[in-house]
Each structure stands twice: as C-alpha cells, then as structure tokens.
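Per my numbering, the very first residue in the sequence shown carries number 1; after that it's consecutive.
Idealized CB from N, CA, C, for every residue including glycine.
Quick notes on the structure that follows.
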Amino acid sequence: MNFWDKITGNDLTRECAAFEARAKALPVEYQAAWGEIKAHLFVYGDFTGRNMMPILDGALGLLEETAADGQSVHEALGDDIKGFCAAIAGEEGTKSYRDRWREQLNRNVARKLDRRGE
C-alpha cells in the first residue's frame, strides 16, 4: 500500500468493495446477516476503520464457509448477532468510540478542575 492510498482511504474502499462482492455471492439470509454484522461492528471501529478490516474479513469468511457447508445463519451465528459481534470484536478491553470520547472528556474535565484548585 502506498502513502497516497493510505491517506485517501482508497485501500479501504477497494477492500470494502471486495467484501461486498464476496457477500453478494452468499444466499439472501446470509447477506442480511452480513448487513447486521457490519452495523453492529461499526461502534468498535477507530476513526479510519482499519482496525475492523481483519475482523470483517474473518466474519465474512465464516459466513462463506457455513453457507458452503449448507448450514443456516442461525446455526452459524446463533440468535444474538449483536452478541456475536461483541465477541469477535473482543468486547473485553475493546472500547467503542463512545467509551474513548467519554474517557477523553473525563480527562479534560479532571485537568481543568486540577488547574482551578491550585
């Protein structure tokens, strides 16, 4: 990957297009599950979303394998897709963008209060 692609995000655009092309080859119920997975994993992404690309690739690979084996989406992911996404994103220790913003706000407020107390 060259510098320009990394700065502009062209590499991510190409990778997302490749994911969508792979997803279109899946059965309809798997395509719906793929859409839900992307929506639920969004909160675990960083500013660029680069940290989610390997996770999305793995989730799509799981969908492709289970579809090829003839399993249903329910057998592959279970009832709780949101819980599945939290598990593959590593919810323990993984922070959503809300958590990171909350921590930053708390640090800034604590710093301001420390200055006033001097």
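Bounding residues of the alpha helix (DSSP H) (the contiguous stretch that carries residue i)
i: M53; result: 53-68
i: F47; result: Counting along the chain, F47 falls outside any alpha helix (DSSP H), and DSSP gives it neither H nor E.
Check whether residue i and residue j have beta carbons under 8 Å apart
i: H40; j: K6; result: no
i: L26; j: E65; result: no
i: Y44; j: M52; result: yes
i: A33; j: V73; result: yes
Anticipated Cβ contact below 8 Å, residue i with residue j, distance rounded
i: L60; j: A76; result: In fact, because the Cβ distance is near 12 Å, the residues do not count as touching under 8 Å.
Burial state of residue i, where buried means 16 or more other Cβ atoms lie within 10 Å
i: L56; result: buried
i: F84; result: buried
i: A68; result: exposed
Cβ-heavy atom distance, residue i to the ligand PLP, below 7 Å
i: G70; result: The ligand content of the structure shown is nil, which means the ligand PLP is not present either.
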